[in-house]
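Q: My questions will all concern the structure given below.
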Amino acid sequence: MKNGSIAILNWTTTSPIPAGFFKGAQELEQTGRGTVPHRLPAKALAQANHDAQLVMAEAQPSGVRLAFRSSASTVELDTVRSRLSYSGAPAQPDGVIELVVNGAVMASSATRGGNTTTIDMATGAVSQAAGPVCTSRFTGLPEGTNSIELWLPHNEQTEVVALRTDASVELAPATGLPVWLHHGSSISHGSNATRPTAIWPAVAARLGGVELSNMALRGSALLDQFTARAMRDAPADLISVKIGINLVNLDLMRLRAFGPAVHGFLDTIRDGHPTTPLLVVSPIHCAIHEGTPGPGAFDLAALSSGEIRFCATGDPADIPAGKLTLQVIRQELERIVRQRAQDDVNIHYLDGLALYGAHDENELPLPDALHPDETTHHVIGERFAALAFAPGAPFGA
């Protein structure tokens with residue numbers, strides 16, 4: 003830690019941020035200017051041939067926060083964001099950094115500046131622009147020594163440059179809460195939520211009284227063995243895997259490959275966590291893929307009017323030949339868990355339709371036909387907490 007000062011306030015400047023301040027990250031990259039938290043280790047990215055979608059997803063710090071103790075009344079965080087945009091499509095909303103004090107969300111600050119990569123979907127041309135560091139400032143913290151968390155944006159790669167406070171900071175003591183390790187798709191990553199504490203796993207973790215370690219990867223929940231190995235090696239007291247939607251909308255595999263891939267994924271997790279409660283969660287309701295295989299695609303008619311929506315382009319006639327739909331995946335996941343439970347008393351199945359089903363569609367429609375909005379994230383989080391963390395539930399103990 004090194005001391006610095008600016009006019010009016012005497013600052014304590016922390017740069018680089020100590021590794022112990024980061025919660026929910028699997029690996030930290032030192033850039034020379036700051037720290038980029040990663041949710042997959044570098045060796046996993048290498049095994050994926052540094053797939054662009056995966057590289058973007060795992061570096062978006064969904065669920066990652068800085069945790070420390072301080073009597074500071076004012077806190078500043080310098081970050082540099084990296085964003086992706088598409089020519090002609092609506093701009094994505096700014097990321098948000100949230101201040102949580104003693105477990106309660108107290109304030110938020112939108113990000114700005116940083117680096118932007120723009121893709122022209124018509125030509126494939128890529129352009130890049132660099133912008134300045136963003137300073138998020140929070141004032142009026144309660145008197146006394148507080149437990150402080152700064153939740154990083156769930157939807158933007160974030161390089162953490164410096165933390166400034168008007169009082170000294172110290173490492174937050176261990177909470178003693180169970181660590182819940184979760185893996186899923188963009189829905190678990192937080193797509194369409196506007197704040198990092200509003201994604202459904204964060205809502206569920208808060209209600210369940212656990213520490214979230216979110217390994218959800220938008221567009222990349224594909225039963226990859228490198229992801230399973232990362233989960234195997236990560237500390238966890240509770241583990242859940244939400245499987246299905248990405249496999250369908252990428253049209254990645256057929257039923258013959260799906261079952262063995264699920265078994266292999268779960269076997270690898272069990273190599274490191276042989277008796278940890280393990281919850282397998284099937285997809286929530288998504289009308290476009292319930293009975294229609296992938297691949298998924300942008301709805302071009304909606305895109306031409308400036309709206310992002312998705313559609314399914316597969317043929318239901320191909321289901322008997324092994325093409326996957328959400329209905330097929332739910333049936334197979336339930337069968338696999340039932341089979342494994344004969345030898346594994348700590349594995350459980352949760353039907354995703356209990357989190358969001360067809361009956362929810364009228365009141366809580368998916369705005370882009372694929373991802374829930376923030377209100378629905380909250381509903382899913384509440385339902386998951388009730389079904390997973392309640393007494394007698396898989397994580398209830």
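Per the working numbering, the sequence shown runs over residues 3 to 399. Backbone N, C-alpha and C fix where the C-beta goes; we use that ideal spot for every residue, glycine too.
(1) Are Ile247 and Ile321 closer than 8 Å when you measure CB to CB?
(2) Apart from the five residues on each side of it in sequence, which residues of its chain come closer than 7 Å, Cβ to Cβ, to Val107?
(3) Compute the Euclidean distance between the alpha carbons of Phe397 and Leu240, then round it to the nearest angstrom.
(4) Can you check the region 158-201 for any alpha helix (DSSP H) of at least 4 residues that lies completely inside it and give the ranges in chain order?
(5) Look at the alpha carbon of Pro18 and the alpha carbon of Val163, and state the distance between them as a whole number of angstroms.
(6) Can you tell me whether DSSP reads Lys244 as helix, strand or coil?
(7) Excluding five sequence neighbours on each side, which residues of the same chain lie with their C-beta closer than 8 Å to the C-beta of Ser110?
(8) Distance, Cα to Cα, Lys325 vs Ile331?
(9) Any contact between the region 219-238 and the region 172-185? By contact I mean 3 or more CB pairs, one from each, below 8 Å.
(10) CA-CA distance, Leu411 and Leu328?
(11) Consult DSSP for Glu78 and reduce its assignment to one of helix, strand or coil.
(12) Quick one: residues in its chain with C-beta nearer than 8 Å to the C-beta of Ile121, no 5 flanking neighbours on either side, listed in chain order?
(13) I need the DSSP call for Leu68, collapsed to helix, strand or coil.
(14) Look at the alpha carbon of Pro20 and the alpha carbon of Leu257, and state the distance between them as a whole number of angstroms.
(15) For Pro134, count the other beta carbons within 10 Å of its own beta carbon; 16 or more makes it buried, fewer makes it exposed. Which is it?
(16) Over what stretch of residues does the alpha helix (DSSP H) that includes Ala54 continue unbroken?
(17) My assumption, with CB atoms under 8 Å, is that Glu161 sits in contact with Gly359. Please give the rounded CB distance.
(18) Using DSSP with H/G/I as helix, E/B as strand and the rest coil, what is Glu376?
(19) Using DSSP with H/G/I as helix, E/B as strand and the rest coil, what is Val339?
(20) Identify whether Leu225 lies in helix, strand or coil by the three-state DSSP scheme.
(21) Please report the distance separating the alpha-carbon of Gln32 from that of Glu172.
(22) Between the region 46-56 and the region 144-163, do at least 3 Cβ pairs fall closer than 8 Å?
(23) Buried or exposed: Ala204, going by 16 or more other Cβ atoms within 10 Å of its Cβ?
(24) For a minimum of 4 consecutive residues, which ranges assigned as the alpha helix (DSSP H) are wholly contained in the region 294-372?
(25) Kindly indicate which residue of Glu363, Gly211 and His191 has the alpha-carbon position closest to the one of Ala218.
(26) Using only the alpha-carbon positions, how far apart do Ile349 and Gly383 sit?
(27) Can you tell which of Ala61, Ala303, Leu368 and Pro237 has its C-alpha closest to the C-alpha of Gly274?
(28) Of the choices Leu42, Thr16 and Trp13, whose alpha-carbon is the least far from that of Asn216?
(29) Applying the 10 Å Cβ sphere with the 16-neighbour rule, what's the burial state of Arg340?
(30) What are the start and end residues of the alpha helix (DSSP H) that includes Thr270?
(31) Taking the alpha-carbon positions, what's the Leu224 to Ala263 distance?
(32) Going by DSSP, which residues form a beta bridge with Lys45?
(33) Compare the Cα-Cα distances from Thr14 to each of Ala69, Ser73 and Leu30 and report the closest residue.
(34) Cα separation between Phe300 and Cys313?
(35) Name the residue from Ala289, Gly293 and Pro318 whose alpha carbon lies nearest to the alpha carbon of Arg311.
(36) Residue range of the alpha helix (DSSP H) that Ile290 falls in?
A: On the basis of the supplied data:
(1) Contact: no.
(2) Taking C-beta separations shorter than 7 Å and ignoring five residues to either side along the sequence, the partners of Val107 in its chain run Glu100 and Thr199, following chain order.
(3) When rounded, the separation of the alpha-carbon atoms in Phe397 and Leu240 is 7 Å.
(4) Listed in chain order, the complete alpha helix (DSSP H) runs (minimum 4 residues) inside the region 158-201 are 188-191.
(5) The alpha-carbon atoms of Pro18 and Val163 are separated by roughly 7 Å.
(6) Under the three-state reduction of DSSP, Lys244 is assigned to strand.
(7) Here the set comprises Val98, Ile99, Glu100, Leu101 and Arg197.
(8) In a straight line, the C-alpha of Lys325 is about 10 Å away from that of Ile331.
(9) Yes, since at least three Cβ pairs between the region 219-238 and the region 172-185 fall closer than 8 Å, the two stretches touch.
(10) Given that the chain is displayed from residue 3 to residue 399, the structure contains no residue 411 and the question cannot be resolved.
(11) Strand, per DSSP.
(12) These residues qualify, in order along the chain: Leu86, Ser87, Tyr88, Ser89, Ala127 and Val128.
(13) Under the three-state reduction of DSSP output, Leu68 falls in the strand class.
(14) When rounded, the separation of the alpha-carbon atoms in Pro20 and Leu257 is 46 Å.
(15) Within a 10 Å sphere around the beta-carbon of Pro134 sit fewer than 16 other beta-carbons, which makes this residue exposed.
(16) For Ala54, the enclosing alpha helix (DSSP H) begins and ends at Ala54 to Glu60.
(17) Contact doesn't hold; Cβ gap of about 40 Å is too wide.
(18) In the three-state reduction of the DSSP assignment, Glu376 falls in the helix class, which pools H, G and I.
(19) If DSSP states are grouped into helix, strand and coil, Val339 belongs with the helices.
(20) DSSP places Leu225 outside both helix and strand once states are collapsed to three, so it counts as coil.
(21) Cα to Cα, Gln32 sits roughly 21 Å from Glu172.
(22) Judged by Cβ distances under 8 Å, the region 46-56 makes no contact with the region 144-163, as fewer than three pairs qualify.
(23) Result: buried.
(24) Secondary structure within the region 294-372: the alpha helix (DSSP H) runs of 4 or more consecutive residues, fully enclosed, are 302-306 and 328-342 (chain order).
(25) Among Glu363, Gly211 and His191, the Cα nearest to that of Ala218 is on His191.
(26) So the alpha carbons of these two residues sit roughly 21 Å apart.
(27) Per the Cα distances, Pro237.
(28) The residue with the shortest Cα to Cα distance from Asn216 is Leu42.
(29) Result: exposed.
(30) Leu257 to Gly274 is the extent of the alpha helix (DSSP H) around Thr270.
(31) So the two alpha carbons sit approximately 9 Å from each other.
(32) According to DSSP, which records beta bridges pairwise, Lys45 is partnered with nothing at all.
(33) Out of Ala69, Ser73 and Leu30, the CA that lies nearest to the CA of Thr14 is found in Ser73.
(34) Taking the straight line joining both Cα atoms gives about 6 Å.
(35) Out of Ala289, Gly293 and Pro318, Ala289 has the C-alpha closest to the C-alpha of Arg311.
(36) DSSP places Ile290 inside the alpha helix (DSSP H), whose first and last residues are Ala289 to Glu292.
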